[in-house]
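Below is one structure, written out as structure tokens; the observations come after it.
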Amino acid sequence: MSSQIPFSQNSAITHPSDCSRQTPPDARRLQLLMVDEDHHDGAVVKSMIEAICHTLQDDNVVVLSDSILSDVLLSDRVLSEETQPYQPLRHGKALLGSTINHLIFDTREGVSLDYLLSSLYAVKRGGSVWLIVPKNTQSESYQQASTRFHREAIATPYFDQFFYDGLREFATITLTPETLPEYLEEFTRCDTGESDHSKPSAEKSFGELLLSPAQNTILHEFTAMDEGISTLFAPRGVGKSVVGNALIAKSPRQYLLTAPNQSAISRYHNFRGALNAGETLFYAPDMLLSGAVEIDPAKTLIIDEAAKIPLAKLERLCALCHKILLISSVENYEGTNQGLREKFYELVPVKKRFTLTEPFRFVVGDAVSQLCDYLRFEGDFYPSGQLKRDSIQEGITLFLSGGWHTDEEKGADQIRTMADFRQNRALFGAVYHLLNETHYQTNIQDIRRLFDDPESLVVIYVENGRVQGAIWGLLEGEIDEALAIAIYRGLRRPKGNLVPQMLGTHGYDWEPMLMRSVRISRISVVADKRREGLASMMIRALETHVGKVDFLSASFGLTESLLKFWEAAGFTWIHLGTHQDKTTALHAGVVMRALSERGEDWLNNRVGKWQHDAYEWQHAPFIREEIKPLLAVRGRRGEWDAADCVAIDAATQFKKPTPALFGAFSRQKRALNKADKNK
Numbered sequence: 024m025s026s027q028i029p030f031s032q033n034s035a036i037t038h039p040s041d042c043s044r045q046t047p048p049d050a051r052r053l054q055l056l057m058v059d060e061d062h063h064d065g066a067v068v069k070s071m072i073e074a075i076c077h078t079l080q081d082d083n084v085v086v087l088s089d090s091i092l093s094d095v096l097l098s099d100r101v102l103s104e105e106t107q108p109y110q111p112l113r114h115g116k117a118l119l120g121s122t123i124n125h126l127i128f129d130t131r132e133g134v135s136l137d138y139l140l141s142s143l144y145a146v147k148r149g150g151s152v153w154l155i156v157p158k159n160t161q162s163e164s165y166q167q168a169s170t171r172f173h174r175e176a177i178a179t180p181y182f183d184q185f186f187y188d189g190l191r192e193f194a195t196i197t198l199t200p201e202t203l204p205e206y207l208e209e210f211t212r213c214d215t216g217e218s219d220h221s222k223p224s225a226e227k228s229f230g231e232l233l234l235s236p237a238q239n240t241i242l243h244e245f246t247a248m249d250e251g252i253s254t255l256f257a258p259r260g261v262g263k264s265v266v267g268n269a270l271i272a273k274s275p276r277q278y279l280l281t282a283p284n285q286s287a288i289s290r291y292h293n294f295r296g297a298l299n300a301g302e303t304l305f306y307a308p309d310m311l312l313s314g315a316v317e318i319d320p321a322k323t324l325i326i327d328e329a330a331k332i333p334l335a336k337l338e339r340l341c342a343l344c345h346k347i348l349l350i351s352s353v354e355n356y357e358g359t360n361q362g363l364r365e366k367f368y369e370l371v372p373v374k375k376r377f378t379l380t381e382p383f384r385f386v387v388g389d390a391v392s393q394l395c396d397y398l399r400f401e402g403d404f405y406p407s408g409q410l411k412r413d414s415i416q417e418g419i420t421l422f423l424s425g426g427w428h429t430d431e432e433k434g435a436d437q438i439r440t441m442a443d444f445r446q447n448r449a450l451f452g453a454v455y456h457l458l459n460e461t462h463y464q465t466n467i468q469d470i471r472r473l474f475d476d477p478e479s480l481v482v483i484y485v486e487n488g489r490v491q492g493a494i495w496g497l498l499e500g501e502i503d504e505a506l507a508i509a510i511y512r513g514l515r516r517p518k519g520n521l522v523p524q525m526l527g528t529h530g531y532d533w534e535p536m537l538m539r540s541v542r543i544s545r546i547s548v549v550a551d552k553r554r555e556g557l558a559s560m561m562i563r564a565l566e567t568h569v570g571k572v573d574f575l576s577a578s579f580g581l582t583e584s585l586l587k588f589w590e591a592a593g594f595t596w597i598h599l600g601t602h603q604d605k606t607t608a609l610h611a612g613v614v615m616r617a618l619s620e621r622g623e624d625w626l627n628n629r630v631g632k633w634q635h636d637a638y639e640w641q642h643a644p645f646i647r648e649e650i651k652p653l654l655a656v657r658g659r660r661g662e663w664d665a666a667d668c669v670a671i672d673a674a675t676q677f678k679k680p681t682p683a684l685f686g687a688f689s690r691q692k693r694a695l696n697k698a699d700k701n702k
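So for the sequence shown, this note's numbering puts the first residue at 24; every next one is plus one.
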């Protein structure tokens, strides 16, 4: 598929008075600034940005551009007032919880959906969005964004086509460096009616708080509660923080406020009230958890933008006060994927779950809202109907990339290419939507990986024209042995190959990195079809058709129920992560199913070593208490051996992580103590 994305060469100015794309009052405008390779030197784009900022005459303009900052650094100029307006694209994540008037977003170095969506959702009603986009996506700089999900920069033609299709559909106007000046002359003159888009109207919430009936209901119900943990999870822009402000305003000295950073509570400063007066105290999460602050547990703690805070920290924060309200969106680009929605309720007892649905910050269905829904396969862009019968068959279908070798004669399952999957937008959207609704690890960048990662495969189960289950797998392993040894010693940590690297870096040999394997990155079944064996059927189909592979693996947030599922599917537990995952607050469990003689030999040897580690780890202080009984059942006391010696040498002489060698060090200590006693 070509990476050349066709765009009209005739980017004529469309005056708002022409009414062909007339927008409602206070709708946010979406302007595209198309640039070609002649403009990639940065000077032209920089002058465009300066002209836009001059026209807007607004202090609340955010400019995100990796390209311009790179140009400045490459020319050996230090960051100065000249670069002050510019922020790197990753700063878009810091805009969560903020409200801005205008956004200029430079995509010449690619599109990271979490950065983009976090930025777009921060723009308030009446504001404007200016997207700088290249006319084609073949440049090396544009492909750099793919390194966030792949170990090297790759072309991403399927995502590019999807993204540019959305821009064509929803942009208010498409401009070039040549047509921009005339448009800017008309920009403010054409909006002199009810809404001046160059200066967004102040939110109605400035000054006195005006609450909707739904917001008032939450206010009264939460205020009436004596204790307990409550959640207010809802989409962006529906006035969640307004509720937090209203609670604080009623009794400012009763509340403590925390959030990932100060910018996440910027909207609290937009209201007259206790926070501005200094009567309600804000503390960063780490400050609250450090013990440096004396906390009155009788106070009420509000945790805003909770999805940006690792779940392990949220779990600890929820133990600080008798009454707590967590406020957040749960739309999978905030920072903990879908862990907050899917796993939080398993960690702490929640007394009340609140939500809001009525848009507060922006106009329903404006161009920016539609683009956001489109990019997330939400709203009108969620393929909720039945799939066309001629596009996909009932039952199990495997989609494999060109490099996979399979025997199509085995089984009755259907084999198709990943290109077939990626070109079928309705099917693609249905699979992504299923993963997003049911799997805690799903995040917005998965869309990019599913579209173009060359090592992906997909297995689906379709019934009555609907996707009822899906597996997303990733090819791993076959790492060069010299690199594998360096990884084992902790000297290298290249991207990708999650399970092989985990087993090598935190284990006792590098053999798993040399073998060819498939990791089941996601496996999901719709709620009303669970316990019908669909997941096991899809796994068996994958085993049948995956070709010459040494083992299947999976890494997941370890719970007793999930471990039982994988063991029932024929997998063996062989590793436990020492750290708690930010998405789940759980340890990562790794399971494996051997598919070749080589894989079987390694697994048989590894199981014994894992049992010895499990025996020691049930006494480790860094392991969650609910996991220790699982370790005790599977643990078996072992003796210090040569594998322990090699691993400990790699930790002492090189940089192999020591926490994962808790078992080896424990066995060494026991052996040395025994030797001392025998002297």
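For every residue, glycine included, the Cβ atom is placed at its ideal position computed from N, Cα and C.
- Listed in chain order, the beta strand (DSSP E) runs fully inside the region 123-155 are 123-129, counting runs of at least 3 residues.
- Within the region 661-696, no run of beta strand (DSSP E) reaches 3 residues while sitting entirely inside it.
- Under the 8 Å Cβ criterion, the region 317-329 counts as touching the region 269-277, having at least three qualifying pairs.
- Taken through DSSP and simplified to helix, strand or coil, Asp-82 comes out as coil.
- DSSP, read as helix, strand or coil, puts Gly-492 in strand.
- Setting aside the 5 residues that flank it on each side, Gln-491 is surrounded in the same chain by Tyr-484, Val-549 and Lys-552, each with a C-beta closer than 6 Å to its C-beta; the list follows chain order.
- Closest by C-alpha distance to Val-371, out of Glu-381, Ile-438 and Ile-252, is Ile-252.
- Membership of Gly-631 in the alpha helix (DSSP H) is indicated by the continuous run 620-640.
- Look at Ser-424 here: in three-state DSSP terms it is coil, with no helix or strand label.
- Of the residues Ala-493, Lys-518, Cys-76 and Val-541, the one whose Cα lies closest to the Cα of Ser-559 is Ala-493.
- No Cβ-Cβ contact shorter than 9 Å links Asn-159 with His-125.
- By the CB criterion at 9 Å, Phe-305 and Gln-285 fall inside the cutoff.
- Scanning its chain for C-beta atoms nearer than 8 Å, with the 5 sequence neighbours on each side dropped, one finds around Gly-513 the residues Thr-528, Ala-673, Ala-674, Phe-677, Lys-678, Lys-679 and Pro-680, in chain order.
- Annotated three-state conformation of Asp-327 is strand, per DSSP.
- Here Ala-117 carries a helix assignment [DSSP, helix/strand/coil].
- The region 631-645 makes no contact with the region 466-479: fewer than 3 CB pairs, one atom from each, lie closer than 8 Å.
- Less than 9 Å separates the beta-carbon of Leu-565 from that of Leu-421.
- Gly-260 is not a Cβ neighbour of Ala-608, given a cutoff of 9 Å.
- Close CB contacts of Ala-237 within its chain, under the 6 Å cut and outside five residues either way in sequence, are with Leu-379 (chain order).
- Residue state for Ile-332 is assigned as coil, using DSSP reduced to three classes.
- Phe-474 carries a helical assignment under DSSP once its states are collapsed to helix, strand and coil.
- Here the alpha carbons of Pro-333 and Thr-195 stand approximately 38 Å from one another.
- Taking C-beta atoms as the reference points, Leu-394 and Leu-255 fail to come closer than 9 Å.
- The three-state secondary structure of Val-58, taken from DSSP, is strand.
- Rounded to whole angstroms, Ile-467 and Thr-461 show a C-alpha spacing of 14 Å.
- The region 335-403 contains, as complete alpha helix (DSSP H) runs of 4+ residues, the segments 362-370 and 390-399 (chain order).
- Separation of Ala-507 and Leu-537 (C-alpha to C-alpha, rounded to the nearest whole angstrom) is 7 Å.
- In chain order, Ala-176 place their CB closer than 7 Å to the CB of Glu-163, counting only its own chain and leaving out the 5 sequence neighbours on each side.
- Only residues of its own chain outside the window of five on either side were considered, and among them Pro-111, Leu-112 and Glu-132 have a CB closer than 6 Å to the CB of Asp-89, listed in chain order.
- Counting every other CB atom within 10 Å of its CB across the protein chains shown gives Asp-309 a total below 16, marking it as exposed.
- Contact between Ile-597 and Val-569 is absent: CB atoms are separated by about 19 Å, not below the 8 Å threshold.
- Closest in alpha carbon position to Arg-472, among Phe-172, Leu-581 and Leu-234, is Phe-172.
- Pro-157 has Val-58 as its beta-bridge partners, per DSSP.
- DSSP places Gly-600 within a strand segment (E or B) once states are collapsed to three.
- Here Val-391 is buried. Its C-beta has 16 or more other C-beta atoms within 10 Å.
- In summary, Glu-504 is exposed, with fewer than 16 beta-carbon neighbours lying within 10 Å of its beta-carbon over all protein chains present.
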